[in-house]
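Note that the sequence shown covers residues 69 to 307 in my numbering. Glycine is no exception: its CB is placed at the ideal position from the N, C-alpha and C atoms. It should be emphasised that the depicted structure is a prediction, and the values quoted were computed from it without experimental measurement. In what follows, a single structure is set out as structure tokens and then discussed.
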Amino acid sequence: MPGGRLTQQERQQIAAGLADSLAYAEIARRLDRPTSTITREVMRNGGPTAYRADLAHRATERRAHRRRHAPPAGPRALAQGNGRDGAAVREYEETFTTLLMQQGLPKMVARVLTCLFIADAGSLTAAQLVQHLQISPASVSKAIAFLEQQGLIRRERDDRRRERYFVDDDVWYQSTIASAHGIGQVAATARQGVAVLGPGSPAAVRLENIARFSDFISESILRAAEQVREILHTRPDPH
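Rendered as structure tokens:
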């Protein structure tokens, strides 16, 4: 059924579709499932090159078993309460995590960042992340270190001396700016190669094209990010 859990036979069909290099959307169409369901299933079970139906099915059964026997999920800091549908929140959390993984973030980093995004307070402690994600403190620490290095979060100590991790409202602006600077660095490094390889050589021409393209993209992103931020942060005229 489209709304129920994937069966072992459906997982075998997913594996067969991946082996035939079918797109997620085509596999979903054949199974009469949402594309997001197939994408999430594959990404959380090894990705398109390592997906195995039998292992994926057993992993799902283990997760279901843990959920049935797990203690009540921790504090309401994670988007629970307020009349929200808990199942819908969990589904959305998985969807957003999968999206971040497709953008290149490691799985654990994506899970931690999603938790911070959907927390109404915009902040969580390590203990809250451990309890909600059912992972080790060491895993949280590594993910937090990565996110902090990328400028996506900040850490502070609360009045109980506990370390809290925050995402600011303009975190996507900060991430976009960091990405644009990274592209600008590609341009600078490519242009260094022009001098090393000799102007006019085929390799130098190729690198110069990379540099010019990267410069244009970087400058465009920076300009657009500043314009959008100014618009979004401008208070509307009350009249």
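Task: Anticipated Cβ contact below 8 Å, SER282 with ALA255, distance rounded - done: As a working note, residue 282 is residue 214 in the sequence shown. As a working note, residue 255 is residue 187 in the sequence shown. With a Cβ gap of about 4 Å, SER282 and ALA255 count as contacting.
Task: Enclosing beta strand (DSSP E) for TYR233 [first to last residue] - done: As a working note, residue 233 is residue 165 in the sequence shown. Looking at the DSSP string, the run of the beta strand (DSSP E) that includes TYR233 is 231–234.
TODO: Would you check if the distance between the CB atom of VAL235 and the CB atom of LEU181 is smaller than 9 Å?
DONE: By 1-based counting over the sequence shown, the position of residue 235 is 167. By 1-based counting over the sequence shown, the position of residue 181 is 113. Against a cut-off of 9 Å, the Cβ pair of LEU181 and VAL235 comes out as a contact.
- [ ] Name the two residues that bound the continuous alpha helix (DSSP H) containing ARG79.
- [x] Walking along the sequence shown from the start, residue 79 turns up at place 11. Here the alpha helix (DSSP H) through ARG79 covers 76–87.
TODO: Using the Cα positions of THR193 and PRO174, report the straight-line distance between them to the nearest angstrom.
DONE: Stepping through the sequence shown from its first residue, residue 193 is reached at position 125. Stepping through the sequence shown from its first residue, residue 174 is reached at position 106. The alpha-carbon atoms of THR193 and PRO174 are separated by roughly 20 Å.
Open item on the list: As a quick exercise: from ALA187, ALA293 and LEU197, pick the residue whose alpha carbon is nearest that of ASP238.
Closed with: The sequence position of residue 238 within the sequence shown is 170, counting from 1. That would be ALA293, whose Cα lies nearest to the Cα of ASP238.
Task: ARG280: first and last residue of the uninterrupted beta strand (DSSP E) it sits in - done: Position 212 of the sequence shown holds residue 280. Where ARG280 is concerned, there is no enclosing beta strand (DSSP E), although the alpha helix (DSSP H) it sits in stretches over 270–300.
TODO: For the segment 110–134, list the beta strand (DSSP E) runs that are entirely contained and at least 3 residues long, ordered along the chain.
DONE: none
TODO: Reducing DSSP to helix, strand and coil, say where SER247 ends up.
DONE: To locate residue 247, count along the sequence shown from 1; it is residue 179. Helix.
Open item on the list: Runs of 4 residues minimum, wholly inside the segment 171–249: which ones carry the alpha helix (DSSP H) assignment?
Closed with: 175–186, 194–201 and 205–217
- [ ] Have a look at GLN77 and ASP122 and give me their C-alpha separation to the nearest angstrom.
- [x] Counting from one through the sequence shown, the residue named residue 77 turns up at place 9. Counting from one through the sequence shown, the residue named residue 122 turns up at place 54. Spanning the two alpha carbons is a distance of roughly 10 Å.
Open item on the list: Could you tell me the alpha carbon to alpha carbon distance between THR166 and GLY268, rounded to whole angstroms?
Closed with: On the sequence shown, residue 166 is found 98 positions in, with the first residue counted as 1. On the sequence shown, residue 268 is found 200 positions in, with the first residue counted as 1. In a straight line, the C-alpha of THR166 is about 44 Å away from that of GLY268.
Task: Cβ pair count under 8 Å reaching 3, the segment 153–173 against the segment 109–122 - done: yes
Open item on the list: If you reduce the DSSP assignment to three classes, tell me which class LEU167 lands in.
Closed with: Along the sequence shown, one-based indexing puts residue 167 at 99. Here LEU167 sits in helix by DSSP.
Task: Per-residue burial, GLY85 [other beta carbons within 10 Å of its own, 16 or more giving buried] - done: Mapped onto the sequence shown, residue 85 falls at position 17. The residue in question, GLY85, is buried, as its Cβ has 16 or more Cβ neighbours within 10 Å.
- [ ] Could you work out which residue in ALA211, ARG232 and ARG280 is closest to ALA258 when comparing CA atoms only?
- [x] The residue you call residue 258 lines up with position 190 of the sequence shown. Here the closest residue by C-alpha is ARG280.
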